[in-house]
Amino acid sequence: GSPPTPVRLAKLTSEAEGGDADAAFFLGEAWTQGRGVDRDLVQGVRWYRVAAERGHRGAQYALGETHDTKQAVHLDLCQAVRAQRSKGTTALPAASTLKALRALADSRQRLGDQVSRAG
Numbered sequence: 001g002s003p004p005t006p007v008r009l010a011k012l013t014s015e016a017e018g019g020d021a022d023a024a025f026f027l028g029e030a031w032t033q034g035r036g037v038d039r040d041l042v043q044g045v046r047w048y049r050v051a052a053e054r055g056h057r058g059a060q061y062a063l064g065e066t067h068d069t070k071q072a073v074h075l076d077l078c079q080a081v082r083a084q085r086s087k088g089t090t091a092l093p094a095a096s097t098l099k100a101l102r103a104l105a106d107s108r109q110r111l112g113d114q115v116s117r118a119g
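When the letters of the sequence shown are read in order and numbered with the numbering used here, they come out as residues 1 to 119.
As structure tokens, this is what we get:
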């Protein structure tokens, strides 16, 4: 189908924030694929996680796929940089932070593998 309109995205966001797993999954799809919004993997994975935590099987699979394709390190690095910038600094994360992010990405990939096998 066609990309969602801004009005539809706002409605989906409200529904997802209200507990609708299908709406959260659709937002994950929209953000990761750039459908109706500028592509933003961090936002896409955020919504996939919300839907997956609510038991949405498609979101669980999609979340596993993002980690299987090695996007996790990039996503976590983006989140770390955004967090630092929100605190007023433009410095990149320290080497210890990068090492921790890589370890987190590895553990998330293992979790994604488990989710994929469970599906």
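Virtual Cβ for every residue (Gly too), placed ideally from N, Cα, C.
Exposure label - residue i; buried when at least 16 CB within 10 Å
{"i": "residue 5", "result": "exposed"}
{"i": "residue 16", "result": "buried"}
{"i": "residue 33", "result": "exposed"}
{"i": "residue 55", "result": "exposed"}
{"i": "residue 18", "result": "exposed"}
{"i": "residue 50", "result": "buried"}
First through last residue of the alpha helix (DSSP H) which encompasses residue i
{"i": "residue 37", "result": "That residue, residue 37, is in no alpha helix (DSSP H); it is neither H nor E in DSSP."}
{"i": "residue 8", "result": "6-17"}
Local conformation of residue i per DSSP, three classes
{"i": "residue 54", "result": "coil"}
{"i": "residue 22", "result": "helix"}
Selection from the options that minimises the alpha carbon distance to residue i
{"i": "residue 9", "options": "18, 37, 63", "result": "37"}
{"i": "residue 2", "options": "41, 35, 48, 42", "result": "35"}
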